[in-house]
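Visitor: Residue numbers -16 to -1, 1 to 181, in mature numbering (1 follows the signal peptide of the UniProt record, and there is no 0), belong to the letters of the sequence shown in order. Glycine is no exception: its CB is placed at the ideal position from the N, C-alpha and C atoms.
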Amino acid sequence: MRLITLSLALATTTLAAPSPRQVRGAASGLFSTPADKTYKTATITDAALGSRTITYWVSDTGEAILPGGIAVGKEADLLATPGDQAHDLTWGVGNKHWPYASVYYRFASDQDEHQVQPLLDQGLAQWRNATGSRYEGGYVHWFRFDNADKDEVNVTKITGQDGCWGTNGWAPGLKPRLNLNPGCGLETAVALLGILQ
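#1: Who are residue 47's beta bridge partners in DSSP?
#2: Taking Cβ positions, are residue 145 and residue 45 nearer each other than 9 Å?
#3: Take residue 174 and list the residues in its own chain whose beta-carbon comes closer than 6 Å to its own, dropping the five residues that flank it on each side.
#4: Near residue 162, which residues of its chain fall below 7 Å by C-beta distance, leaving aside the five closest residues on each side in sequence?
#5: If you measure between the beta carbons of residue 128 and residue 88, is that distance less than 9 Å?
#6: Give the secondary structure of residue 23 by DSSP, where H, G and I count as helix, E and B as strand, and everything else as coil.
#7: Measuring only the C-alpha atoms, how far is residue 59 from residue 26?
#8: Considering only C-alpha positions, which residue in the set 112, 56, 113, 91 is nearest to residue 153?
#9: Does residue 192 come out as helix, strand or coil in the three-state DSSP assignment?
#10: According to DSSP, simplified to helix, strand and coil, what is residue 34?
#11: Can you tell me which of the three DSSP states residue 139 falls into?
#12: Would you please state the rounded distance, in angstroms, between the beta carbons of residue 38 and residue 147? I believe it to be under 8 Å.
#13: With DSSP collapsed to three states, give me the class of residue 134.
#14: Using alpha carbons as the reference points, say which of 35, 36, 41, 29 lies closest to residue 22.
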């Protein structure tokens, strides 16, 4: 498992917001950043890359979202450790496979289900078609729980708010999130499903 260990070294600053859909993922097309969001920066230190400045925006639920749609945890957690303390923040942003190749998920509400389900179904169908020849039924199996607006360890909470983003992979203790809306488009949905699984 690869953990990203971060420690806050300096306070944050605010940058001008890009226009919606200005942020590009390396190989996965456009990721949207809502027009009403502004980018912020924070200087962090981690064992692998040393001290550097990261750029992120904050979702309506307080998640810090990196360009490319990767959610790295709550902004409050990122900022909770003062820079003058040599205290590492360890986030469970992992690259391990989901146990038993099973992703568990629920929609936060019936409205989120109605809004996101068609795009989710199309994205999952593309993954099944691409991987089904190697593994019976596809590489990863998705199991749905009843709708509920709660954060749970190892159960992906799917919402349909502004922006297109999600957590990266699986890690013990991670409370995975996926946020899609019809404006995200199929290409972005497929990319985010790949990042999540």
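Guide: Reading from the atomic positions:
#1: Taking the sequence shown and counting its residues from 1, one reaches residue 47 at position 63. Answer is 58, bridged to residue 47.
#2: What you label residue 145 is simply residue 161 of the sequence shown in a count that begins at 1. What you label residue 45 is simply residue 61 of the sequence shown in a count that begins at 1. A contact, by the Cβ cut-off of 9 Å.
#3: Looking up residue 174 in the sequence shown gives position 190. Excluding residues within five positions, the ones whose Cβ falls inside 6 Å are 107, 110.
#4: Here residue 162 corresponds to residue number 178 of the sequence shown, with the count starting at 1. So the qualifying residues of the chain are 140, 142, 150, 176, 180.
#5: By 1-based counting over the sequence shown, the position of residue 128 is 144. By 1-based counting over the sequence shown, the position of residue 88 is 104. Their beta carbons are under 9 Å apart, which means residue 128 touches residue 88 by this criterion.
#6: For the purposes of this step, residue 23 is taken as the residue at position 39 of the sequence shown. DSSP places residue 23 in coil when its eight states are reduced to three.
#7: Reading the sequence shown from its first residue, position 75 is the one you call residue 59. Reading the sequence shown from its first residue, position 42 is the one you call residue 26. Their backbone Cα atoms lie some 10 Å apart in a straight line.
#8: Stepping through the sequence shown from its first residue, residue 153 is reached at position 169. When only C-alpha atoms are compared, the closest one is 56.
#9: Residue coverage of the chain in this structure runs from -16 to 181, which leaves residue 192 outside it and unanswerable.
#10: The count along the sequence shown starts at 1 and reaches residue 34 at position 50. Reduced to three states, the DSSP call for residue 34 is strand.
#11: Numbered from its first residue, the sequence shown carries residue 139 at position 155. Looking at residue 139 - three-state DSSP - the assignment turns out to be strand.
#12: In the sequence shown, the residue the question calls residue 38 occupies position 54. In the sequence shown, the residue the question calls residue 147 occupies position 163. Actually they do not touch by this definition, with Cβ atoms about 17 Å apart.
#13: Here the question's residue 134 lines up with position 150 in the sequence shown. The answer is coil: DSSP assigns residue 134 none of H, G, I, E or B.
#14: For the purposes of this step, residue 22 is taken as the residue at position 38 of the sequence shown. Residue 22 has its Cα closest to that of 41, out of 35, 36, 41, 29.
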